[in-house]
Amino acid sequence: MKFGIIVFPGTWSERDCYYALKNVLRQEVDYIWHKEADLSHYDCLILPGGFSYGDYLRPGAIARFSPVMTSLEAFASQGKLVIGICNGFQILCESGLLPGALLRNDHLEYRCQWVYLKAENNQSPFTIQCQNGQVLKIPISHYEGRYYADSATLAELEANKRVIFRYCTPAGEVTDAANPNGSLHNIAGITNKRGNVLGMMPHPERACEAILGSSDGNIIWESIIASIQRNT
Amino acid sequence: MYLARVYVTLKPTVNDPQGLTIKGALCNLGFTSVEDVRAGKYFELHLAETDFAKVEQQVTEMCCKLLANPVIENYRFEIEEVKV
Chain A
-19 MKFGIIVFPG
-9 TWSERDCYYA
1 LKNVLRQEVD
11 YIWHKEADLS
21 HYDCLILPGG
31 FSYGDYLRPG
41 AIARFSPVMT
51 SLEAFASQGK
61 LVIGICNGFQ
71 ILCESGLLPG
81 ALLRNDHLEY
91 RCQWVYLKAE
101 NNQSPFTIQC
111 QNGQVLKIPI
121 SHYEGRYYAD
131 SATLAELEAN
141 KRVIFRYCTP
151 AGEVTDAANP
161 NGSLHNIAGI
171 TNKRGNVLGM
181 MPHPERACEA
191 ILGSSDGNII
201 WESIIASIQR
211 NT
Chain B
3 MYLARVYVTL
13 KPTVNDPQGL
23 TIKGALCNLG
33 FTSVEDVRAG
43 KYFELHLAET
53 DFAKVEQQVT
63 EMCCKLLANP
73 VIENYRFEIE
83 EVKV
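As they're listed, the protein sequences go chains A and B. Numbering of the first sequence is given in my numbering, commencing with residue -19 and proceeding in unit increments. Numbering of the second sequence is given in my numbering, commencing with residue 3 and proceeding in unit increments.
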């Protein structure tokens, strides 16, 4: 099993993802420069956080045209797993692989803080190791994380259980006070229709050891590993 | 040579906290007649092209592909011939 971490100019969270997968979860993992076209060696691709192309124009708007994205689209269309974190989520929305968009936080502040996420659907390959409704403590670090989609898209996401994570209180209540950025329906993470592409604003790779404050992010990586093992 | 002026604005359904903050600042400065502010983006594109129709088609394509995100934004543009 091999993970690939895609690196654009301006990506900054690739080393944290590498550390979590290699040192904590003992997985094989490579960095993939965004000019690469051959993704055939990988079982799961990660679009990490950062500021690809300086976030110029809109976050993710320019990265989506990098050569690797054509191959990533083909990779996803085979049903293989793709996870976009923070800027990676923004890139997936810009590319149309996920619906909606991520706008500036409603309070116009950059937020770097711990949040609590409710795992809304534990049938997803990204959450099968979670109890349904389990609360995960994972940090956010973004200025443009306010999830927006039109009402028809939101209804479709909800009806098909494509909302995977919602911002909540430590007790798991989904409230306005627990929403750190004004995301509609407190959405922190969604999947595509097929369920094999996840975008999420919080950073599971930064919650990989107790000494960091939480190791809850590992449940997501462990879910991915279990899903791949189940299908091979 | 043509100059295209492109205006990208948030769709009316999209909340614009930046616009609201600017509106608050304007009201604090005494401009109390300001009822609403929506912030947007403005681009000036210089195109080495001789055919107006081609410019129009290209700028439309640029807006759809990159300059605006159709999920959240609208765009419009003006095209003007400029002497080199």
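Ideal placement from N, C-alpha and C gives every residue a C-beta, glycine not left out. All values derive from a computational prediction rather than experimental measurement.
Test item: CB-CB of residue i and residue j under 7 angstroms
i: E185(A); j: D18(A); result: no
i: I65(A); j: N101(A); result: no
i: G169(A); j: L72(A); result: no
i: R38(A); j: D86(A); result: no
i: V6(B); j: V86(B); result: The residue you asked about is not Val; residue 6(B) is Ala in the sequence shown. Cβ distance not < 7 angstroms, so A6(B) and V86(B) don't count as in contact.
i: L49(B); j: Y4(B); result: yes
i: I42(A); j: I12(A); result: no
i: V4(A); j: C148(A); result: no
i: L97(A); j: L116(A); result: yes
i: G42(B); j: T11(B); result: yes
i: I118(A); j: P182(A); result: yes
i: V57(B); j: E63(B); result: no
i: L164(A); j: Y128(A); result: yes
i: S203(A); j: F106(A); result: yes
i: N140(A); j: V154(A); result: no
i: I208(A); j: M(-19)(A); result: yes
i: S121(A); j: C92(A); result: yes
Exposure label - residue i; buried when at least 16 CB within 10 Å
i: S46(A); result: buried
i: E113(A); result: Per the sequence presented here, residue 113(A) reads as Gly, with Glu not at that position. By the 10 Å Cβ count, G113(A) comes out exposed.
i: E(-6)(A); result: buried
i: T171(A); result: buried
i: V36(B); result: exposed
i: P150(A); result: exposed
i: L134(A); result: buried
i: V48(A); result: buried
i: V62(A); result: buried
i: I199(A); result: buried
i: N30(B); result: exposed
i: F33(B); result: exposed
i: F54(B); result: exposed
i: G80(A); result: buried
i: D38(B); result: exposed
i: Y36(A); result: exposed
i: A157(A); result: exposed
i: R6(A); result: exposed
Residues of its chain near residue i, where Cβ-Cβ distance is below 6 angstroms and the 5 sequence neighbours each way are ignored
i: V9(A); result: F(-17), Y(-2), L1 and K2
i: S51(A); result: A17 and L19
i: R44(A); result: I71, E74 and S75
Close beta carbons around residue i, own chain, < 8 angstroms, minus the five adjacent residues each side
i: G30(A); result: F(-12), G(-10), T(-9), W(-8), S(-7), E(-6), C66 and N67
i: A206(A); result: I108 and Q109
i: E53(A); result: S75 and L77
i: K60(A); result: Y22, D23, C24, L25 and N176
i: Q20(B); result: A41
i: L28(B); result: V36 and V39
i: E80(B); result: A6 and R7
i: K173(A); result: N140 and R142
Unbroken alpha helix (DSSP H) run spanning residue i, endpoints
i: I205(A); result: G197 to R210
i: F27(B); result: Correcting the residue identity first, residue 27(B) is Ala in this sequence and not Phe. From DSSP, the alpha helix (DSSP H) with A27(B) extends over P19 to N30.
First through last residue of the beta strand (DSSP E) which encompasses residue i
i: T15(B); result: Run containing T15(B): none; DSSP gives neither H nor E here.
i: A41(A); result: Per DSSP, A41(A) belongs to no beta strand (DSSP E) and is neither H nor E.
i: L192(A); result: That residue, L192(A), is in no beta strand (DSSP E); it is neither H nor E in DSSP.
i: A158(A); result: No beta strand (DSSP E) contains A158(A), which DSSP labels as neither H nor E.
i: D179(A); result: One detail in the question is off: residue 179(A) reads as Gly in this sequence, not Asp. First-last of the beta strand (DSSP E) with G179(A): V177 to M180.
i: G(-10)(A); result: Note, G(-10)(A): premise wrong, no beta strand (DSSP E); not H, not E.
i: A168(A); result: I167 to T171
Close Cβ partners of residue i (< 7 angstroms) along its chain, the five nearest in sequence each way excluded
i: Y123(A); result: R84, N85 and Y90
i: E75(B); result: V10, T11, L12 and K13
i: A56(A); result: V62, L77, N176 and V177
i: F45(B); result: V8 and L69
i: S195(A); result: A187, C188 and E189
i: G152(A); result: K98, G113 and V115
i: G162(A); result: N85, D86 and R126
Closer than 7 angstroms to chain D by CB, residue i
i: N30(B); result: Among the chains of the structure shown, chain D does not appear; the protein chains present are A and B.
Runs of 4 residues minimum, wholly inside the region 93 to 143 of chain A: which ones carry the alpha helix (DSSP H) assignment? 131 to 139
If you scan the region 44 to 100 of chain A from start to end, which runs of the alpha helix (DSSP H) of 4 or more residues do you find wholly inside it? 47 to 57 and 67 to 75
Could I get the ranges of all uninterrupted beta strand (DSSP E) runs contained in the region 34 to 75 of chain B, with 3 residues as the minimum, in chain order? 42 to 49
At 3 residues or longer, and completely inside the region -2 to 39 of chain A: list those beta strand (DSSP E) runs for me, N to C. Qualifying beta strand (DSSP E) stretches, in chain order: 8 to 13 and 24 to 27.
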